[in-house]
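Accompanying notes for the structure given below.
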Amino acid sequence: MGNCSGHDFSIPPGKGPHHVGCTDLMVGHTVEGTFFRLYYPCQLSERSENPDWVPTKEYFNGLADFMKINRRLSERIFNYLFGSCKIPATWNAAFKPNTKHPVVIFSHGLGAFRTLYSAICVELASQGFIVASVEHRDESASNIPTTHANLPEFPLRNKQVKQRADECIRALDILFTVNSGNMVENVLKTPFDWSTLENSMDLCRIAVMGHSFGGATVIECLCKEVRFKCGIALDTWMFPLDEVIFPQVKQPIFFINSEKFQWAGNIFRMKKLDSATIPRKMITIRGAVHQSFPDFTFLTGNCLGKIFKLQGNVDPHLAMDLSNRASLAFLQRHLSLERDFNQWDQLIDGKDNHLIPGTNITLLQSAL
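Everything in the sequence shown is counted per my numbering, starting at 183 for the first residue and increasing by one.
As structure tokens, this is what we get:
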């Protein structure tokens, strides 16, 4: 695990029993292809390499837009802050073939990219999940320029969320292909042996998870694909979704929100997914901000974190632990896992001093 520019800021390693490896897979170069970072339980190796958190320098301009910083200054600033940051996983490590693993497909937020949520993905992999963190090709990722300044926002975002869901489903299709023992052509030519993943995934136990725009993607995915058995939506931005799909979502959903980001209209749309028969849960992390979920929250000090709203009034590690543990408990419950994640069941109901059951936002009863 690397430090960042000499500072003691780093992405936390997984807390589970498994060592974690990661690799990239790209199938095709067009919007019809698939691109994701795979995190998985791996074998311990004497020689290990931790990959850079920012895959290439081209992402710095996208990060500048994401954080609303002038692009001209961004490369020097981001190279200083993040240039030496590493992901706490072994690059192209050998897969650990000991059992079948449940699967999570992860969708990033607007302006983000496939490695930005590595703290979440590494934790899930350390707990025995195989996680595919999709890099979206809908022009919402950091390395893709946008050219939609004059288009109405809802049609654009609704089109994007549909494409994002399709990309998540294509990533899942690729994992089905790999699990069946069939070869896929990885245009990145990484040395990882994909054949070792044959029959390694429990494809009856699949969840979809995402943050912000990725949270909206979770709901779109659940509508489109019944192979997803449940969804976890982190501080979801509901705007891109057409409410006509809400009655079509039949799987359990867990909304994990920050205290500082949400507003009445957004929560009201989440509440439209409430069901008397399908589990729909919501909790709010006290003192958390919208960027308490991506890795940024660990990679800046308190001052910069507050200036750029990357940290809230809660310790970043505590906020992440609460979110991850609540997620694991929810996944055990709705994927029927035989693990010990039910020790955190109380978090699903917001029973912790640092959690709020439901939301901190006041909604008028007449609006519900």
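The C-beta atom is built at its ideal place from N, Cα and C for all residues, glycine as well. Quick caveat, the model's predicted, so the values are computed rather than measured.
Cα atoms of Val369 and Gly310: separation of roughly 27 angstroms, rounded to the nearest angstrom. The Cβ-Cβ distance between Asp522 and Ala301 does not fall below 8 angstroms. In this structure, Lys278 is the residue among Phe358, Ser394 and Lys278 with its C-alpha nearest to the C-alpha of Thr378.
Between the segment 221 to 233 and the segment 264 to 279, the count of Cβ pairs shorter than 8 angstroms is three or higher; the stretches touch.
Taken atom to atom, the span from the alpha-carbon of His536 to that of Ala246 is near 31 angstroms. Looking at the backbone, the Cα of Asn381 and that of Leu517 are separated by about 18 angstroms. Counting along the chain, the unbroken alpha helix (DSSP H) around Val343 starts and ends at Glu335 to Asn361. Looking at the backbone, the Cα of Asp531 and that of Leu513 are separated by about 14 angstroms. Selection Ile543, Thr544 and Leu486 evaluated against Phe191 yields Leu486 as nearest (Cα-Cα). The way I'd put it, the segment 336 to 346 doesn't touch the segment 233 to 243; fewer than three beta-carbon pairs between them come closer than 8 angstroms. Ile356 and Gly469 have their alpha carbons spaced roughly 39 angstroms apart. Cβ neighbours of Asn243 within its own chain (closer than 7 angstroms, five residues either side excluded): Arg253 and Ser256. Going by DSSP, Asn506 is part of the alpha helix (DSSP H) stretching over Pro498 to Leu517. For Met452, the uninterrupted alpha helix (DSSP H) run begins and ends at Ala446 to Lys453, by DSSP. Tyr262 has its alpha-carbon roughly 33 angstroms from the corresponding atom of Ala353.
DSSP places Cys204 within a strand segment (E or B) once states are collapsed to three. Pairwise C-beta distances place the segment 284 to 295 out of contact with the segment 204 to 216, as fewer than three of them are shorter than 8 angstroms.
A distance below 8 angstroms separates the beta carbons of Thr399 and Ala347.
The residues Lys454 and Leu455, in chain order, have a CB closer than 6 angstroms to that of Phe428 in the same chain once the five nearest residues on each side in sequence are set aside. Within the same chain, Met183, Gly184, Lys268, Ile269, Pro270, Ala271, Thr272 and Trp273 come within 8 angstroms of Asn232 by CB-CB distance, once the 5 residues on both sides are set aside. Around the C-beta of Ile435, 16 or more other C-beta atoms lie within 10 Å, and the residue is accordingly described as buried. Check the Cα spacing between Lys406 and each of Glu367, Gln345 and Cys386: the tightest is with Gln345. Distance from the Cα of Gln473 is smallest, within the candidate group Phe358, His393 and Thr359, for His393.
Here DSSP, grouped into helix, strand and coil, assigns Thr479 to helix. When only Cα atoms are considered, Ser266 and Asp234 end up about 7 angstroms apart. For Asp384, the closest C-alpha among the options Asp527, Glu520, Arg462 and Gly215 is that of Glu520. Taking Phe437 as reference, the option from Glu402, Gly447, Met391 and Glu214 with the minimal CA-CA separation is Met391. Around the C-beta of Pro199, fewer than 16 other C-beta atoms lie within 10 Å, and the residue is accordingly described as exposed.
At a cut-off of 4 residues, the continuous stretches assigned as alpha helix (DSSP H) that sit fully inside the segment 235 to 297 are 241 to 249 and 253 to 264.
In this structure, Met464 sits away from Met420, with a CB-CB distance that is not shorter than 8 angstroms. One thing to note: Ile401 has its Cβ no nearer than 8 angstroms to the Cβ of Ile543.
Ile388 is classed as buried because its beta carbon has at least 16 other beta carbons within 10 Å across all chains shown.
Judged by their CB atoms, Gln493 and Asn506 are not nearer to each other than the 8 angstroms cut-off.
Sequence-distant partners of Pro461 (beyond 5 residues in either direction) whose C-beta falls short of 6 angstroms from its own C-beta, in its chain, are Pro434.
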